[in-house]
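In our numbering, the protein residues as written are 333 to 519.
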């Protein structure tokens with residue numbers, strides 16, 4: 333269960349924490365809890381969704397992690413922005429241990445003139461668990477596409493997509509966590 337704990341809502345920002353809980357299915361009693369300080373803070377780029385990722389993130393044959401996705405959306409029409417981050421947690425030692433923090437799995441950003449002309453870049457990252465020396469590493473397939481829109485002489489709006497060659501990034505598991513390079517994290 334994920335519970336937003338909103339401390340303050342302003343005209344252009346929100347501050348608050350996020351409680352992640354594993355509860356006993358029969359009684360509803362919390363068994364493990366982790367509070368993520370400031371995880372609900374936002375401003376012009378707002379948190380639009382918090383959801384669990386139901387994929388099976390098997391760290392080792394007998395260790396399983398679960399995911400929490402947060403989606404962010406910008407409020408500017410001329411500068412659209414959308415981003416999704418993934419964090420993984422494992423039930424460990426009576427609590428919830430972070431295993432992967434704030435990996436950006438989707439980002440779309442751009443600017444346009446509100447009519448036709450503009451540009452955008454979309455990055456998608458797909459995760460796959462692969463064998464590693466200390467359990468399962470994560471293989472990240474990254475795909476990027478750049479789009480440019482412009483008006484033709486006849487007044488038509490035309491968009492040209494320019495995909496980059498996909499690349500694969502390996503996130504090694506050290507037995508406790510995955511280290512995410514800063515370039516792949518929410519900045």
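Backbone N, C-alpha and C define an ideal beta-carbon position, used for all residues, glycine too.
Around the beta carbon of residue 384, fewer than 16 other beta carbons sit within 10 angstroms, so the residue counts as exposed.
For the region 397–458, the continuous beta strand (DSSP E) assignments of 3+ residues that do not extend past its boundaries occur at 413–424, 427–444, in sequence order.
Judged by pairs of C-beta atoms under 8 angstroms, the region 447–454 does not touch the region 420–430, as fewer than three such pairs exist. When Cβ pairs closer than 8 angstroms are counted between the two stretches, the region 348–367 is seen not to touch the region 466–481, the count staying below three. According to the DSSP assignment, residue 348 belongs to the beta strand (DSSP E) that extends over 346–355.
Around the beta carbon of residue 468, 16 or more other beta carbons sit within 10 angstroms, so the residue counts as buried.
DSSP places residue 386 in the strand class (E or B) of the three-state scheme. A distance below 6 angstroms between beta-carbons, with the five flanking residues on each side excluded, links residue 440 to the following residues of its chain, in chain order: 414, 454. DSSP places residue 472 in the uninterrupted beta strand (DSSP E) bounded by 467–483. Taking C-beta separations shorter than 7 angstroms and ignoring five residues to either side along the sequence, the partners of residue 356 in its chain run 363, following chain order. Residue 511 counts as exposed, since fewer than 16 other beta carbons sit within 10 angstroms of its beta carbon.
Less than 8 angstroms separates the beta-carbon of residue 405 from that of residue 380. Residue 351 holds the alpha-carbon nearest to the alpha-carbon of residue 333 among 351, 347, 344, 343. Here residue 515 carries a helix assignment [DSSP, helix/strand/coil]. Residue 381 carries a strand assignment under DSSP once its states are collapsed to helix, strand and coil. In the assembly as shown, residue 335 is an exposed residue. Its beta-carbon has fewer than 16 other beta-carbons within 10 Å.
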